[in-house]
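Written out below as structure tokens is the structure these notes cover.
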Amino acid sequence: MSFTRFVAVARKEVIQILRDTRSLSIVILMPVILVLLFGYGVSLDLKHLPVYVWDRDGSQQSQDLLKRFQASDYFDVVRVVSDYPTLVRAIDDGRAKMGVVIPWDFSRRLHDGRTAQVQALVDASDDNTANVLIGYSQALVQGYSSQVQLDWLRKRGQSGQLAPLSVDTRTWYNEDLESSAFIIPGVLALVMSVIGAFLTSLTIAREWERGSMEQLISTPVTALEVMLGKLVPYFMIGMFDVVVCTGLALYWFRVPFRGSFATLLFSSALFMVVVLSLGFFISVIAKSQLAASQIALVVTFLPAFLLSGFLYAIEQMPVVLQWITRILPARYYVSILKQVFLKGTPTQFLYADLVPLTIFAIVLGLLATGAFHKKLI
Amino acid sequence: MIARLKQMLIKEFIQAFRDKRARFILFVPPIVQMLIFGYAATFEIQHVPTVILDLDHSQESRELVSRFSSSPYFNVQGYLTNHREIGDFIDQGKATVALQIDAGFAQSLSKGQTAPLQVIVDATNSNTALIAAGYINQIAMGFAHDYQQDHIYRISPQLIDRLPNVQLEQRPWYNPDLRSRWFFVPGIVGSLTLVLVTTLTAFAVVREREIGTLEQIMVTPIRPAEFILGKTIPFFLIGLFDVSLIATLGTLWFQVPFRGRVIVLFTGAILFLLCMLGVGLLISTVSSTQQQAMVTSFFFIMPAVVFSGFGFPISTMPPWLQYLTYLSPLRYFLVVLRGTYLKGVGFEILWPQMLAMAVLGTSLLTLAVLRFHKAVD
Numbered sequence: 279m280s281f282t283r284f285v286a287v288a289r290k291e292v293i294q295i296l297r298d299t300r301s302l303s304i305v306i307l308m309p310v311i312l313v314l315l316f317g318y319g320v321s322l323d324l325k326h327l328p329v330y331v332w333d334r335d336g337s338q339q340s341q342d343l344l345k346r347f348q349a350s351d352y353f354d355v356v357r358v359v360s361d362y363p364t365l366v367r368a369i370d371d372g373r374a375k376m377g378v379v380i381p382w383d384f385s386r387r388l389h390d391g392r393t394a395q396v397q398a399l400v401d402a403s404d405d406n407t408a409n410v411l412i413g414y415s416q417a418l419v420q421g422y423s424s425q426v427q428l429d430w431l432r433k434r435g436q437s438g439q440l441a442p443l444s445v446d447t448r449t450w451y452n453e454d455l456e457s458s459a460f461i462i463p464g465v466l467a468l469v470m471s472v473i474g475a476f477l478t479s480l481t482i483a484r485e486w487e488r489g490s491m492e493q494l495i496s497t498p499v500t501a502l503e504v505m506l507g508k509l510v511p512y513f514m515i516g517m518f519d520v521v522v523c524t525g526l527a528l529y530w531f532r533v534p535f536r537g538s539f540a541t542l543l544f545s546s547a548l549f550m551v552v553v554l555s556l557g558f559f560i561s562v563i564a565k566s567q568l569a570a571s572q573i574a575l576v577v578t579f580l581p582a583f584l585l586s587g588f589l590y591a592i593e594q595m596p597v598v599l600q601w602i603t604r605i606l607p608a609r610y611y612v613s614i615l616k617q618v619f620l621k622g623t624p625t626q627f628l629y630a631d632l633v634p635l636t637i638f639a640i641v642l643g644l645l646a647t648g649a650f651h652k653k654l655i
Numbered sequence: 169m170i171a172r173l174k175q176m177l178i179k180e181f182i183q184a185f186r187d188k189r190a191r192f193i194l195f196v197p198p199i200v201q202m203l204i205f206g207y208a209a210t211f212e213i214q215h216v217p218t219v220i221l222d223l224d225h226s227q228e229s230r231e232l233v234s235r236f237s238s239s240p241y242f243n244v245q246g247y248l249t250n251h252r253e254i255g256d257f258i259d260q261g262k263a264t265v266a267l268q269i270d271a272g273f274a275q276s277l278s279k280g281q282t283a284p285l286q287v288i289v290d291a292t293n294s295n296t297a298l299i300a301a302g303y304i305n306q307i308a309m310g311f312a313h314d315y316q317q318d319h320i321y322r323i324s325p326q327l328i329d330r331l332p333n334v335q336l337e338q339r340p341w342y343n344p345d346l347r348s349r350w351f352f353v354p355g356i357v358g359s360l361t362l363v364l365v366t367t368l369t370a371f372a373v374v375r376e377r378e379i380g381t382l383e384q385i386m387v388t389p390i391r392p393a394e395f396i397l398g399k400t401i402p403f404f405l406i407g408l409f410d411v412s413l414i415a416t417l418g419t420l421w422f423q424v425p426f427r428g429r430v431i432v433l434f435t436g437a438i439l440f441l442l443c444m445l446g447v448g449l450l451i452s453t454v455s456s457t458q459q460q461a462m463v464t465s466f467f468f469i470m471p472a473v474v475f476s477g478f479g480f481p482i483s484t485m486p487p488w489l490q491y492l493t494y495l496s497p498l499r500y501f502l503v504v505l506r507g508t509y510l511k512g513v514g515f516e517i518l519w520p521q522m523l524a525m526a527v528l529g530t531s532l533l534t535l536a537v538l539r540f541h542k543a544v545d
């Protein structure tokens with residue numbers, strides 16, 4: 279291993295990266311765009327959902343109930359209809375997410391001391407929105423029902439209570455339930471997967487595809503020097519992007535940062551080694567850029583996106599899939615990221631994630647070196 | 169013209185299916201992604217790890233606790249004895265929810281005062297926290313309601329028979345069991361097609377340019393229009409085949425109902441493919457290497473998917489972003505997919521989406537062809 283030869287290969291790679299201004303600007307812009315994209319575009323804070331109502335009773339009571347829907351932040355009563363087909367059509371074409379139907383005998387039933395049923399027709403093609411709609415409507419109707427009962431009891435000289443139980447909820451680590459605080463730390467893992475695996479696997483596959491790898495091999499440069507020379511510039515770019523993403527998260531989106539910055543950098547470096555080795559490995563196997571990009575997509579980007587706990591909670595996946603996530607480095611890195619940003623977990627409690635990540639970095643690094651070596655001989 | 173086009177098509181099909189690796193790329197990644205996505209993507213929550221601290225030890229508090237332990241949404245991990253343990257459990261991620269019932273709970277209830285239930289939620293995942301808080305509220309409200317009824321019954325059994333009551337009767341349409349999978353699987357058909365067709369088309373042209381064979385083709389009598397048709401028709405057919413493959417897999421493997429008509433879905437798919445071919449060609453006209461093409465497609469794919477309503481409702485985005493979503497062809501195709509799969513609606517409802525895709529597709533293709541002429545000259 280000669281340092282000068284390593285520097286020579288690295289210099290060649292840096293020149294190639296710098297020459298391609300678009301790729302370069304993209305590499306620098308990408309973390310910014312991804313953070314903005316997920317910071318603004320990904321949110322589950324459902325409010326002002328469009329609701330159609332059909333009041334078949336038209337009484338004081340039914341109007342009182344509908345006023346509660348109008349006053350709520352979660353619903354937006356966009357139209358009052360007077361027939362069923364209009365309601366169905368609105369839900370079918372998505373103009374209404376929910377239709378509230380008050381039966382014609384609503385006030386009479388209340389007057390007679392019976393149970394009056396209000397119908398909520400919910401578009402459940404999006405189950406999450408439907409869940410939220412049903413939850414809020416339940417709470418609203420229940421609140422109205424309690425009020426009706428209380429009035430009724432008071433009229434008869436009895437005592438009663440509007441709310442015997444209050445739920446006092448405190449949300450830890452992400453006090454305002456900001457989606458951005460939950461999403462953005464994980465974006466780092468996405469950015470690094472793209473830089474590490476996509477770009478490197480493509481650059482090396484390009485050398486194979488064009489035949490310039492053979493030229494490189496015929497020089498006195500050793501396999502290790504080629505590998506390091508190719509990977510170190512991308513490592514630097516990856517670490518630079520980590521800093522950019524973190525800066526944006528903290529100063530633009532005001533995501534809290536409660537852990538240690540050193541731990542963030544250290545675990546990011548480990549993850550970078552993992553994805554770079556994977557990218558290198560892929561390029562050695564794939565040989566063509568198209569194949570390399572497709573394999574990199576399945577092996578690095580998708581796991582980081584889907585199976586890391588970045589968006590979808592791992593505990594909610596089928597057990598088999600939960601086991602698979604254990605052999606994915608991204609899972610450990612995302613877990614560290616969320617803890618370092620939001621929880622401020624002290625480093626000694628992060629070993630459960632840091633140790634597997636270190637093992638992955640070492641094993642994959644060695645594997646990639648070995649694979650490349652063989653290919654040369 | 170037809171003869172030349174035929175030759176070009178023969179060449180393209182040979183290239184696409186030439187070796188094992190090429191065939192692998194066309195069909196295996198979509199299937200793998202469909203399976204992983206189908207299992208991993210869910211916002212449903214169940215069995216949330218929960219710890220309980222009951223400092224009241226009364227019949228009432230036990231009754232409330234048992235409502236949580238019997239709920240499928242919560243999984244009681246342990247009963248604590250002092251307040252400090254809550255911090256440990258939540259900090260180390262062993263519990264997501266902690267419920268605390270203070271001493272004097274039953275007393276407050278019997279005096280007709282409001283009794284508090286303290287809830288602590290780990291909001292690192294803001295979505296899980298939001299939904300869990302909703303379920304906690306529902307359980308608490310059910311408890312409060314029943315307690316109230318009991319209370320009235322004790323005062324006077326006759327009153328309870330004449331007590332008015334309002335109930336919500338919810339009817340989740342299209343997806344009665346509120347399954348996340350039914351929401352995601354149709355969306356996956358669209359997003360996978362988007363990724364596959366865009367990258368394949370972009371790569372196919374850029375590879376010729378990078379290797380230098382584009383010039384060779386241009387000196388043959390073939391005209392640019394024939395070249396473009398020759399390049400796009402194979403990917404159009406492959407895309408159509410992949411849509412059918414993934415859509416069939418979604419229905420047969422994941423048991424998502426298909427309630428609409430196949431012809432509606434295919435019309436939507438064809439229009440969507442036109443848009444994707446246009447985008448792929450456009451990317452190829454602005455890229456000179458495959459790496460550039462990859463990075464540029466990535467920059468199209470990520471926003472196109474995030475802003476389509478694939479995972480997150482468009483209505484929760486900031487208003488200025490909502491306007492941007494109109495530019496994502498996937499936005500329209502998703503409405504068609506979910507409309508045909510879950511809602512079973514036809515052209516009478518979906519024509520605005522079809523029209524939008526037709527307009528977008530034609531403009532994108534025209535732009536691509538114009539730019540392509542320039543790029544070749």
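Heads up: the protein sequence lines correspond to chains A and B, in order. Everything in the first sequence is counted per my numbering, starting at 279 for the first residue and increasing by one. Everything in the second sequence is counted per my numbering, starting at 169 for the first residue and increasing by one. By construction, the Cβ of each residue, glycine as well, lies at the ideal position given by its N, Cα and C atoms.
* Beta-carbon contacts of S276 (chain B) that lie in its chain and below 6 Å, excluding the five residues immediately before and after -> A283
* Is there a Cβ from chain A that is less than 8 Å from the Cβ of R330 (chain B)? -> yes
* Taking Cβ-Cβ distances below 8 Å as the criterion, which residues of the region 441-465 of chain A are in contact with chain B? -> A441, P442, L443, S444, V445, D446, T447, R448, T449, W450, Y451, N452, E453, L455, E456, S457, A459 and F460
* **Coarse secondary structure for I655 (chain A), derived from DSSP in three states** => Per-residue confidence for I655 (chain A) stands at a pLDDT of 48, beneath the threshold of 50, marking its modelled position as unreliable; no derived number is given.
* Anything in chain A within Cβ reach of Q275 (chain B), meaning under 8 Å, just list it in chain order. => Going along chain A, no residue has its Cβ under 8 Å from Q275 (chain B), so there is no contact; the nearest lies around 12 Å.
* Asked: On the premise that M525 (chain B) lies in contact with L439 (chain B), defined as a C-beta separation below 8 Å, what is that separation, rounded to the nearest angstrom?
  -> 4 Å
* Would A630 (chain A) be called buried (16 or more neighbouring beta carbons within 10 Å of its own) or exposed? -> exposed
* Are R609 (chain A) and I637 (chain A) touching if we call contact CB-CB under 8 Å? -> no
* Cutoff 7 Å; reference V200 (chain B); Cβ partners in own chain excluding five residues on either side -> none
* To do: Determine the direct distance from the alpha carbon of D270 (chain B) to that of R434 (chain A), and round the result to whole angstroms.
  => 34 Å
* **Spatial neighbours of P197 (chain B) in its chain, beta-carbon cut-off 8 Å, leaving aside the 5 residues before and after** => L364
* To do: Below 7 Å CB to CB, which residues in the same chain sit around A483 (chain A) once its five sequence neighbours on both sides are set aside?
  => S561, A564, K565, S566, Q567 and A570
* Contacting positions in the region 592-606 of chain A - beta carbon closer than 9 Å to chain B -> I592, E593, Q594, M595, P596, V598, L599, I602 and T603
* For A394 (chain A), which option in A:T364, A:L343 and A:G413 has the closest C-alpha, if you only look at C-alpha atoms? -> A:L343
* Asked: Could one say the Cβ of E253 (chain B) lies closer than 8 Å to chain A's Cβ atoms, at least one of them?
  -> no
* If we call anything under 8 Å between Cβ atoms a contact, is G643 (chain A) one with V551 (chain A)? -> yes
* C-alpha gap between F192 (chain B) and S457 (chain A), whole angstroms -> 38 Å
* Spatial distance of G418 (chain B) from K511 (chain B) (CA atoms) -> 16 Å
* Please name the residue in B:D345, B:S496 and B:A437 whose C-alpha comes closest to that of V411 (chain B). => B:A437
* Taking only beta-carbon positions, decide if L480 (chain A) is within less than 8 Å of chain B. => yes
* Using a cut-off of 7 Å between C-beta atoms, extract the partners of R506 (chain B) located in chain A. => S403
* To do: Report yes if the C-beta distance between A402 (chain A) and V378 (chain A) is below 8 Å; otherwise report no.
  => no
* Assigned exposure category for T282 (chain A) - 16 Cβ within 10 Å defines buried -> exposed
* Asked: With distances taken between CB atoms, is the gap from F153 (chain B) to V244 (chain B) smaller than 8 Å?
  -> Nothing about residue 153 (chain B) can be reported from this structure: the residues present for chain B run from 169 to 545 only.
* Asked: Mind pulling the beta strand (DSSP E) runs of 3 or more residues that sit fully within the region 283-338 of chain B?
  -> 283-290
* Along chain B, in chain order, which residues have C-beta atoms closer than 8 Å to that of T647 (chain A)? -> Residues of chain B passing the Cβ test: none, with the nearest at roughly 23 Å.
* Anticipated Cβ contact below 8 Å, Q425 (chain A) with Q306 (chain B), distance rounded -> Their Cβ separation, rounded to whole angstroms, is 18 Å, which puts Q425 (chain A) and Q306 (chain B) out of contact at 8 Å.
* According to DSSP, is F384 (chain A) helix, strand or coil? -> helix
* Best match in A:F619, A:A639, A:W430 and A:D429 for proximity to G537 (chain A) [C-alpha to C-alpha] -> A:F619
* Ends of the beta strand (DSSP E) at W332 (chain A)? -> L327 to D333
* To do: Give, in chain order, every residue of the region 284-303 of chain B whose Cβ lies closer than 7 Å to some Cβ of chain A.
  => P284, L285, Q286, V287, I288, V289, D290, A291, T292, N293, S294, N295, T296, A297, L298, I299, A301 and G302
* In terms of residue numbering, what span does the beta strand (DSSP E) encompassing R357 (chain A) cover? -> F353 to V358
* By a C-beta neighbour count over all protein chains shown, 10 Å radius and 16 as the cutoff for buried, is I655 (chain A) buried or exposed? -> Bear in mind that a pLDDT of 48 at I655 (chain A), under 50, signals an unreliable position, so the number given afterwards is only what the model happens to contain. Exposed is the call here.
* If I'm right that I220 (chain B) touches L248 (chain B) with Cβ under 8 Å, what's the distance once you round it to whole angstroms? => 7 Å
* Asked: Taking Cβ-Cβ distances below 9 Å as the criterion, which residues of the region 306-338 of chain A are in contact with chain B?
  -> L307, M308, I311, L312, L315, F316, Y318, G319, V320, S321, L322, D323, L324, K325, H326, L327 and P328
* Report buried or exposed for P596 (chain A), applying the criterion of at least 16 other Cβ atoms within 10 angstroms of its Cβ. => exposed
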